[in-house]
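Residue numbers (UniProt numbering), protein chains in the order written: chain A, 1 to 309; chain B, 1 to 309.
Where a beta carbon is used, it is the ideal one built from N, C-alpha and C, also for glycine.
Since we're looking at a predicted model, the values are computed, not measured.
Read the structure below first, then the notes.
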């Protein structure tokens with residue numbers, strides 16, 4: 001049977017500095033840079049750089065080490081327009097499958113000096129750090145045992161059909177505060193009233209991971225997920241409010257853990273659940289051999305700026 | 001005024017890979033190795049390698065890159081004896097100030113294949129990862145506000161006199177389970193009964209940091225601190241049980257934060273308190289600009305094994 005760390009290794013699969021594959025792996029990537037900013041904001045795999053219909057708004061420099069792609073526009077309006085134009089052009093040419101999932105919603109480029117935005121479906125093409133919110137809603141059995149509210153995704157939803165998920169989760173669009181995003185998602189996904197979420201949801205930190213799609217060969221997806229807990233009474237019942245979720249069920253922590261190692265969870269929420277199990281004293285140094293490593297891996301120091309200098 | 005991140009930068013001051021000083025800094029260090037184990041277990045600064053009275057139990061190899069010190073003894077008894085003999089000899093010669101604080105208590109070398117031990121006062125000379133337990137004991141005001149029990153160390157104690165500290169804290173000696181160590185320390189330091197600690201203390205994760213003494217020029221001290229919370233009623237009062245603590249006071253989270261940035265806390269417990277303030281929703285992404293970085297920095301991925309292969 002897999003361990004939790006085995007599952008984490010599949011999700012947080014960008015190599016760590018000091019591992020055997022690190023130098024070779026990173027050496028094959030391109031850095032994504034913004035005008036007037038010495039810091040990289042993402043890594044782009046070579047197949048994306050080769051396929052993208054770059055125009056003169058970008059400089060493609062394969063003589064630098066590491067190789068880099070630089071957005072040359074330095075004003076807010078021009079830079080945002082350049083990104084949008086490029087992605088629309090790539091979408092029109094049907095070059096990247098990910099752009100089929102166009103959202104008309106944008107992520108902010110975390111750490112950029114300007115308020116720069118990228119269409120969500122295209123964020124992975126630039127390898128920027130994305131932002132999400134995840135909330136675990138739980139109650140307690142009469143003898144005090146924690147029971148988690150777990151949604152099962154609909155079999156007809158496009159991404160991760162039939163998989164288990166965080167009680168509430170979503171990407172944070174540019175210009176929206178994470179907590180406000182959470183309040184909205186809780187109502188839309190789990191029929192939780194804004195009043196209840198505002199009263200009971202508690203910020204408990206964030207989970208950071210560095211995922212690479214297609215077992216390390218695909219798009220690079222570093223992420224920060226702001227994490228919230230909400231304990232509710234046993235009378236409050238979570239209900240699907242849109243077609244994405246089929247049903248909500250109450251599960252013990254043991255059932256959650258079994259479903260994680262069985263691969264029944266959507267990968268994107270696994271780190272959030274492991275963090276929950278650790279913070280609530282369900283996993284301990286005495287019962288989980290990889291305890292300290294799981295704590296470090298769920299809170300990865302990402303190599304890109306999280307806020308402007 | 002300092003930010004929390006400024007304080008964290010002083011404590012977690014081993015450079016990160018990718019920072020300007022990393023390669024040069026690490027290039028000046030020696031790796032500490034054990035027999036039949038390809039993984040390094042610590043970094044040793046050059047001044048220690050030059051001053052230590054090495055004997056034939058150790059190989060000093062300055063032609064390898066990085067340079068390394070290897071303990072050659074491969075049996076459990078011989079290896080432990082070799083470490084003990086070396087440190088006793090260095091202590092006799094009064095070479096290192098840290099050995100004046102000889103404890104007659106040992107740390108386990110985390111991640112070693114054998115059950116190897118190093119006298120606590122000498123752990124920093126090999127740069128191994130040390131293990132501790134920290135508990136924050138808190139109660140709530142009538143309106144629900146968190147109040148933390150904060151000890152002030154005695155002015156006559158040798159280390160960090162007069163500084164504020166974790167409610168309960170201590171190093172975990174080799175052969176002792178972290179939770180059992182916590183139960184003992186809670187009784188010895190804060191007069192908390194073993195029954196109460198066993199009932200109410202809750203494991204919530206661990207804090208990992210990489211400190212280098214003397215602002216980066218001294219001994220290397222990576223550490224794992226297992227973290228516990230204990231909420232108690234307002235009638236239970238913490239009392240000093242030994243001469244190390246002068247008094248316990250109840251403080252609001254704001255007072256704790258002010259004392260951290262004012263430098264009134266013992267540096268070793270600052271990360272534990274920041275982790276507490278984040279887990280309890282007192283610091284949030286909306287009120288703390290360095291939120292995500294503080295989460296990553298308090299849970300550092302250390303470059304040494306935390307458990308045997």
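Limits of the alpha helix (DSSP H) - the one that residue 209 of chain B falls within
Here the question's residue 209 of chain B lines up with position 209 in the second chain. Here residue 209 of chain B belongs to no alpha helix (DSSP H); instead the beta strand (DSSP E) covers 202–212.
For the putative contact between residue 83 of chain A and residue 71 of chain A, defined by C-beta atoms under 8 Å, what is the C-beta separation to the nearest angstrom?
Against the first chain, residue 83 of chain A aligns to sequence position 83. Against the first chain, residue 71 of chain A aligns to sequence position 71. Between residue 71 of chain A and residue 83 of chain A the Cβ distance is about 7 Å, and since that is below 8 Å, they are a contact.
Sorted by chain position, which residues of the same chain lie with C-beta nearer than 6 Å to residue 306 of chain A's C-beta, five sequence neighbours on each side aside?
Numbered from 1 along the first chain, position 306 holds the residue referred to as residue 306 of chain A. For residue 306 of chain A, where only same-chain residues beyond five positions count, the Cβ hits under 6 Å are 110 and 111.
What residues from chain B crowd round residue 134 of chain A, counting only those whose CB sits closer than 8 Å?
Position 134 of the first chain holds residue 134 of chain A. Simply none; closest approach about 13 Å.
Check whether residue 271 of chain A and residue 254 of chain A have beta carbons under 8 Å apart
Start at 1 with the first residue of the first chain, and residue 271 of chain A comes out as number 271. Start at 1 with the first residue of the first chain, and residue 254 of chain A comes out as number 254. No, they are not a contact pair.
In the DSSP assignment, what residue or residues form a beta bridge with residue 245 of chain B?
Along the second chain, read from residue 1 onward, the residue named residue 245 of chain B stands at position 245. Per DSSP, B:153.
Is there contact between the segment 27–42 of chain A and the segment 52–69 of chain A, where contact requires at least three CB pairs shorter than 8 Å?
The segment 27–42 of chain A makes contact with the segment 52–69 of chain A: 3 or more CB pairs, one atom from each, lie closer than 8 Å.
Interface flag, residue 117 of chain A vs chain B, CB-CB below 8 Å
One-based indexing of the first chain puts residue 117 of chain A at position 117. Chain B, which has no Cβ nearer than 8 Å to the Cβ of residue 117 of chain A, makes this no.
Considering only residues of the same chain and omitting the five flanking positions on each side of residue 188 of chain A, which have a CB-CB separation below 7 Å?
Here residue 188 of chain A corresponds to residue number 188 of the first chain, with the count starting at 1. Within its own chain, the residues whose Cβ lies closer than 7 Å to the Cβ of residue 188 of chain A, once the five positions on either side in sequence are excluded, are 241 and 242, listed in chain order.
Beta carbon proximity, residue 303 of chain B to chain A, threshold 8 Å:
Within the second chain, the letter at position 303 stands for residue 303 of chain B. Taking Cβ atoms only, chain A reaches closer than 8 Å to residue 303 of chain B, which makes this a yes.
Own chain residues within Cβ distance below 7 Å of residue 80 of chain B, not counting five before or after:
Within the second chain, numbered from 1, the residue matching residue 80 of chain B stands at position 80. Closer than 7 Å at Cβ, skipping near neighbours: 116 and 117.
Do residue 261 of chain A and residue 2 of chain A count as a contact pair if the criterion is CB distance below 8 Å?
Your numbering for residue 2 of chain A matches position 2 in the first chain. Your numbering for residue 261 of chain A matches position 261 in the first chain. Going by C-beta atoms, residue 2 of chain A is nearer than 8 Å to residue 261 of chain A.
Which chain B residues sit within Cβ distance under 7 Å of residue 145 of chain A?
Counting from 1 along the first chain, the entry for residue 145 of chain A is found at position 145. Those within 7 Å of residue 145 of chain A in chain B number zero; the least Cβ separation is about 14 Å.
Neighbourhood of residue 286 of chain B by C-beta, 8 Å cutoff - its chain only, sequence neighbours within 5 removed
Here residue 286 of chain B refers to the residue found at position 286 of the second chain. Contacts found: none.
Give me the subset of the segment 262–289 of chain A whose CB atoms are less than 7 Å from a CB atom of chain B, sorted by chain position.
278, 279, 281, 284, 285, 286 and 289
Since residue 230 of chain B and residue 201 of chain B are thought to touch, with beta carbons under 8 Å apart, how far apart are those beta carbons, to the nearest angstrom?
If you number the second chain from 1, residue 230 of chain B lands on position 230. If you number the second chain from 1, residue 201 of chain B lands on position 201. Indeed they touch by this definition, with Cβ atoms about 5 Å apart.
Under DSSP, the alpha helix (DSSP H) around residue 178 of chain B begins and ends at which residues?
Walking along the second chain from the start, residue 178 of chain B turns up at place 178. Counting along the chain, the alpha helix (DSSP H) containing residue 178 of chain B begins and ends at 178–190.
Determine the closest residue to residue 96 of chain B out of B:47, B:55 and B:128, with distance taken between C-alpha atoms.
What you label residue 96 of chain B is simply residue 96 of the second chain in a count that begins at 1. Measuring from the Cα of residue 96 of chain B, the nearest candidate turns out to be B:47.
Is there at least one Cβ from chain B nearer than 8 Å to residue 26 of chain A's Cβ?
For the purposes of this step, residue 26 of chain A is identified with residue 26 of the first chain, where counting begins at 1. Answer no: the Cβ-Cβ gap between residue 26 of chain A and chain B never drops below 8 Å.
Could you check whether residue 194 of chain B and residue 183 of chain B sit closer than 8 Å to each other, using their CB atoms as the reference points?
Along the second chain, one-based indexing puts residue 183 of chain B at 183. Along the second chain, one-based indexing puts residue 194 of chain B at 194. Closer than 8 Å, so yes.
Give me the Cα-Cα distance between residue 5 of chain A and residue 217 of chain A, rounded to the nearest whole angstrom.
On the first chain, residue 5 of chain A is found 5 positions in, with the first residue counted as 1. On the first chain, residue 217 of chain A is found 217 positions in, with the first residue counted as 1. So the alpha carbons of these two residues sit roughly 21 Å apart.
Residues that DSSP places opposite residue 223 of chain B in a beta bridge:
Reading the second chain from its first residue, position 223 is the one you call residue 223 of chain B. Paired residue(s): B:130 and B:209.
Return the CA-CA distance between residue 212 of chain A and residue 220 of chain A, expressed in angstroms with no decimal places.
What you label residue 212 of chain A is simply residue 212 of the first chain in a count that begins at 1. What you label residue 220 of chain A is simply residue 220 of the first chain in a count that begins at 1. When rounded, the distance between both Cα atoms is 5 Å.
Is there a Cβ from chain A that is less than 8 Å from the Cβ of residue 112 of chain B?
Working through the second chain from its first residue, we reach residue 112 of chain B at position 112. So no, residue 112 of chain B is outside the interface.
Going by DSSP in three states, residue 276 of chain A sits in which element: helix, strand or coil?
By 1-based counting over the first chain, the position of residue 276 of chain A is 276. Correct three-state label for residue 276 of chain A: helix.
Quick one: does residue 220 of chain B have its CB under 8 Å from some CB of chain A?
Position 220 of the second chain holds residue 220 of chain B. Using beta-carbon distances, residue 220 of chain B does not count as an interface residue toward chain A, since no partner is under 8 Å.
What did DSSP end up calling residue 42 of chain B once you bin it into helix, strand or coil?
As a first step, residue 42 of chain B must be located in the second chain, where it is residue number 42. Correct three-state label for residue 42 of chain B: strand.
Could you tell me if residue 140 of chain A is buried or exposed, where buried requires 16 or more neighbouring beta carbons within 10 angstroms of its beta carbon?
If you number the first chain from 1, residue 140 of chain A lands on position 140. It is exposed - the Cβ of residue 140 of chain A has fewer than 16 other Cβ atoms within 10 Å.
Could you tell me whether the Cβ of residue 174 of chain A comes closer than 8 Å to any Cβ of chain B?
Walking along the first chain from the start, residue 174 of chain A turns up at place 174. No, its Cβ sits nowhere closer than 8 Å to a Cβ of chain B.
Any Cβ of chain A within less than 8 Å of the Cβ of residue 17 of chain B?
Residue 17 of chain B sits at position 17 when you count from the first residue of the second chain. Between residue 17 of chain B and chain A, the shortest Cβ-Cβ separation is below 8 Å.
Kindly indicate if chain A contains any beta-carbon less than 8 Å away from that of residue 324 of chain B.
Because chain B here runs from 1 to 309, residue 324 of chain B falls outside it and cannot be looked at.
Residue 87 of chain A, enclosing beta strand (DSSP E) - first and last residue
Translated into the one-based positions of the first chain, residue 87 of chain A becomes position 87. Here residue 87 of chain A belongs to no beta strand (DSSP E); instead the alpha helix (DSSP H) covers 76–92.
Option nearest residue 237 of chain A by Cα separation, candidates A:105, A:7 and A:250
As a working note, residue 237 of chain A is residue 237 in the first chain. Of the listed residues, the one whose Cα sits closest to residue 237 of chain A is A:250.
Determine the extent of the beta strand (DSSP E) in which residue 107 of chain A is found, giving its start and end residues.
Stepping through the first chain from its first residue, residue 107 of chain A is reached at position 107. Residues 106–108.
The segment 166–176 of chain A touching the segment 117–136 of chain A, judged by at least three CB pairs closer than 8 Å:
yes
Alpha carbon of residue 99 of chain A to alpha carbon of residue 87 of chain A, nearest angstrom
To locate residue 99 of chain A, count along the first chain from 1; it is residue 99. To locate residue 87 of chain A, count along the first chain from 1; it is residue 87. The alpha-carbon atoms of residue 99 of chain A and residue 87 of chain A are separated by roughly 8 Å.
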